[in-house]
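S.K.: Right, I'll just put the structure down here and ask away after.
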Amino acid sequence: MDLDLARQAQDGDESAFAEIVRRYSPRVFSVASRFFRQRTLVEEAAQEVFLKAFTQLGSFEGRGSFEGWLTRIATNTCLNMVRGAKRRPELTVSDLTEDEQGWLEHQSAGNGGEPASVETSLVATDLADRLLSVLSPEDQQALLMIDGEEASIKEVAEATGWSESKVKVRAFRARKKVRDAMEKLLSYKNKGTRADSTAD
Amino acid sequence: MDDKHITEILDKASIAMLAESDLNEIRVHVLACMSCRDAFEAARLSAVVLTSRAQATIEPSPFFQTRVMAALREQQAVESVPAMLRLWRSAKALVSIMAVTTATLAVVSFMQPAETTPVAETASAYSEYSVIMDRDADEQMSYEQVLSTIYEDDDEAR
Numbered sequence: 001m002d003l004d005l006a007r008q009a010q011d012g013d014e015s016a017f018a019e020i021v022r023r024y025s026p027r028v029f030s031v032a033s034r035f036f037r038q039r040t041l042v043e044e045a046a047q048e049v050f051l052k053a054f055t056q057l058g059s060f061e062g063r064g065s066f067e068g069w070l071t072r073i074a075t076n077t078c079l080n081m082v083r084g085a086k087r088r089p090e091l092t093v094s095d096l097t098e099d100e101q102g103w104l105e106h107q108s109a110g111n112g113g114e115p116a117s118v119e120t121s122l123v124a125t126d127l128a129d130r131l132l133s134v135l136s137p138e139d140q141q142a143l144l145m146i147d148g149e150e151a152s153i154k155e156v157a158e159a160t161g162w163s164e165s166k167v168k169v170r171a172f173r174a175r176k177k178v179r180d181a182m183e184k185l186l187s188y189k190n191k192g193t194r195a196d197s198t199a200d
Numbered sequence: 001m002d003d004k005h006i007t008e009i010l011d012k013a014s015i016a017m018l019a020e021s022d023l024n025e026i027r028v029h030v031l032a033c034m035s036c037r038d039a040f041e042a043a044r045l046s047a048v049v050l051t052s053r054a055q056a057t058i059e060p061s062p063f064f065q066t067r068v069m070a071a072l073r074e075q076q077a078v079e080s081v082p083a084m085l086r087l088w089r090s091a092k093a094l095v096s097i098m099a100v101t102t103a104t105l106a107v108v109s110f111m112q113p114a115e116t117t118p119v120a121e122t123a124s125a126y127s128e129y130s131v132i133m134d135r136d137a138d139e140q141m142s143y144e145q146v147l148s149t150i151y152e153d154d155d156e157a158r
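Same order as they appear, the protein sequences are chains Y and H.
At position 12 of the first sequence the residue is numbered 12 (my numbering), and the sequence of numbers has no breaks.
At position 77 of the second sequence the residue is numbered 77 (my numbering), and the sequence of numbers has no breaks.
Now the structure itself:
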């Protein structure tokens, strides 16, 4: 069915390509959302993905799924857009906002089981972006897929074009970097808490 | 206590995906090992923020399909124009200005009258050099006059 749609779109059937856009927009937006938070950037990336897909329709031979093929185009397009952005090599607690510090304290005090409000979700998402900024864009994507979306190694391999072994190694290293960054933040926070209680 | 072993367990998979046996091992270990307890806490919080981040997806607006189709038509319209014609359309203003400037300079160069170089004729028409070299002067003066003009200076020099 997808192969037929692709062939019709390649032959100039505009309605066929419009159907492809309608059907796979959520998927492409999902991929772009791993790399960007702002709606304008996500839409810009998604549009670029579909325009590229149109010019490359002839290369889809129907061997794999159309969704997988389109996901790879989306991944490469987004990676090209973010490449070159500066990575922050180290986070310190002074980089965090008050809300983020408050969220960390709240979670560490064992209150993580409470339902998350919109505000706390936003704070957690902001904190995630800060932690992920210590990783390369490729590692960010892999870790978000595995730890955030509970994607399988196979799904990540299909999306990135990596071997499954490479996915496991990259995810392992990325997880360690993020955990180290979080440990540092918690240790700075705890030192500050102990100093405050001593002063009192 | 094998701290390295505990952190390796933490790093090999997300906490949510760890086997129950691994989790039990971690829980027992962190009771006695403070550094691994901190590592476990950091891994737990990292998993929470990553899950939150993964849920922050943006859905396509109802107009996105229209936007893509419009962009596609525009892309096809650009590609249907031959490359040279596209190049001409973008560069014709500059080319026109250059052509007009070149034509103007050419007209100015050819329209200017030729200037004659001034000859410094300080000597009289009957100076010895002009007498000798100027055939017109010879026609105006007699032969004797020419000779006397030439040798007059020699006598004065002696």
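Don't be surprised by glycine CBs; every beta carbon is placed ideally from N, CA and C.
When you compare each of F60/Y, L144/Y, L185/Y to A56/H by their alpha carbons, which one comes out closest?
M.R.: Comparing alpha-carbon positions, the option among F60/Y, L144/Y, L185/Y lying closest to A56/H turns out to be L144/Y.
S.K.: Would I58/H and F40/H be called neighbours here (beta carbons separated by less than 7 Å)?
M.R.: no
S.K.: In angstroms, rounded to a whole number, what distance separates the CA positions of L18/H and A171/Y?
M.R.: 14 Å
S.K.: For the alpha helix (DSSP H) that contains V134/Y, what are its first and last residues?
M.R.: Note, V134/Y: premise wrong, no alpha helix (DSSP H); not H, not E.
S.K.: Could you name the residues of the same chain whose beta carbon sits closer than 7 Å to that of V31/Y, not counting the 5 residues immediately before and after it, in chain order?
M.R.: T71, A74, T75, C78
S.K.: Name, please, each residue of chain Y whose Cβ falls closer than 8 Å to the Cβ of Q65/H.
M.R.: Contacts between Q65/H and chain Y, judged by CB atoms closer than 8 Å, involve A18, V21, R22, S25 in chain order.
S.K.: Would Q10/Y and L57/Y be called neighbours here (beta carbons separated by less than 7 Å)?
M.R.: yes
S.K.: Can you confirm whether D38/H, when its beta carbon is compared against all beta carbons of chain Y, has any partner nearer than 7 Å?
M.R.: yes
S.K.: Compare the beta carbon distance of D139/Y and A181/Y with 7 Å and say whether it is the shorter of the two.
M.R.: The Cβ atoms of D139/Y and A181/Y lie no closer than 7 Å to each other.
S.K.: Please tell me whether M182/Y has its Cβ less than 7 Å away from any Cβ of chain H.
M.R.: Any Cβ of chain H closer than 7 Å to the Cβ of M182/Y would place that residue at the interface, and such an atom is present.
S.K.: Please tell me whether D99/Y and V134/Y are closer than 7 Å, where the distance is taken between their beta carbons.
M.R.: Against a cut-off of 7 Å, the Cβ pair of V134/Y and D99/Y comes out as no contact.
S.K.: Over what stretch of residues does the alpha helix (DSSP H) that includes G207/Y continue unbroken?
M.R.: Examination of residue 207/Y is not possible in this model, given that chain Y is present from 1 through 200 alone.
S.K.: Quick one: is L105/H buried, meaning 16 or more other Cβ sit within 10 Å of its Cβ, or exposed?
M.R.: exposed
S.K.: Which word fits L85/H, buried or exposed, when buried means at least 16 other C-beta atoms lie within 10 angstroms of its C-beta?
M.R.: It is exposed - the Cβ of L85/H has fewer than 16 other Cβ atoms within 10 Å.
S.K.: Taking 8 Å as the cut-off, does the segment 66–79 of chain H touch the segment 15–31 of chain Y (at least 3 CB pairs, one atom from each stretch)?
M.R.: yes
S.K.: On a CA-only basis, which of W103/Y, A109/Y, S108/Y is nearest S117/Y? Give me that one, please.
M.R.: When the alpha-carbon of S117/Y is set against those of W103/Y, A109/Y, S108/Y, the nearest one is in W103/Y.
S.K.: How should W88/H be labelled, buried or exposed, when 16 other C-beta atoms within 10 angstroms of its C-beta is the threshold for buried?
M.R.: exposed
S.K.: Give a yes or no on whether the C-beta atoms belonging to L50/H and A128/Y are separated by under 7 Å.
M.R.: yes
S.K.: Would you mind sorting Y143/H into buried or exposed? The rule is 16 or more other CB atoms within 10 Å of its CB.
M.R.: exposed
S.K.: Where I15/H and A54/H are concerned, what is the direct C-alpha to C-alpha distance, given to the nearest angstrom?
M.R.: 15 Å
S.K.: State the start and end residues of the unbroken alpha helix (DSSP H) segment that holds W103/Y.
M.R.: 98–106
S.K.: For a contact defined as C-beta to C-beta under 8 Å, what are the partners of A124/Y on chain H?
M.R.: Simply V48, V49, S52, R53.
S.K.: To the nearest angstrom, report how far apart G148/Y and D4/Y are at their CA atoms.
M.R.: Rounded to whole angstroms, G148/Y to D4/Y spans 34 Å at the Cα level.
S.K.: Shorter than 7 Å from the beta carbon of A77/H to some beta carbon of chain Y?
M.R.: no
S.K.: Reducing DSSP to helix, strand and coil, say where T40/Y ends up.
M.R.: helix
S.K.: May I ask you to list, following chain order, the residues of the segment 16–42 of chain H that have a beta carbon less than 8 Å from some beta carbon of chain Y?
M.R.: A16, M17, D38, A39, E41, A42
S.K.: By DSSP, does W162/Y sit in helix, in strand, or in coil?
M.R.: The answer is coil: DSSP assigns W162/Y none of H, G, I, E or B.
S.K.: For a contact meaning CB atoms closer than 7 Å, what does G148/Y contact in chain H?
M.R.: L50, T51, R53, A54
S.K.: Note down, in chain order, every chain Y residue with its Cβ under 8 Å from the Cβ of T104/H.
M.R.: Those within 8 Å of T104/H in chain Y number zero; the least Cβ separation is about 45 Å.
S.K.: According to the neighbour-count rule (16 or more other Cβ atoms, all chains shown, within 10 Å of its Cβ), is S163/Y buried or exposed?
M.R.: exposed
S.K.: Using a beta-carbon distance below 7 Å, is I58/H in contact with chain Y?
M.R.: yes
S.K.: Using a Cβ-Cβ distance cut-off of 7 Å, determine whether D3/H contacts chain Y.
M.R.: Confidence is the limiting factor: at D3/H the pLDDT is only 48, short of 50, which leaves the residue's position unreliable, though a coordinate-based value still follows. No, because no Cβ of chain Y sits closer than 7 Å to the Cβ of D3/H.
S.K.: Does any residue of chain Y have a CB that is nearer than 7 Å to the CB of S14/H?
M.R.: yes
S.K.: Is there a C-beta anywhere in chain Y that falls below 7 Å from the one on A70/H?
M.R.: So no, A70/H is outside the interface.
S.K.: Anything in chain H within Cβ reach of V82/Y, meaning under 7 Å, just list it in chain order.
M.R.: Going along chain H, no residue has its Cβ under 7 Å from V82/Y, so there is no contact; the nearest lies around 15 Å.
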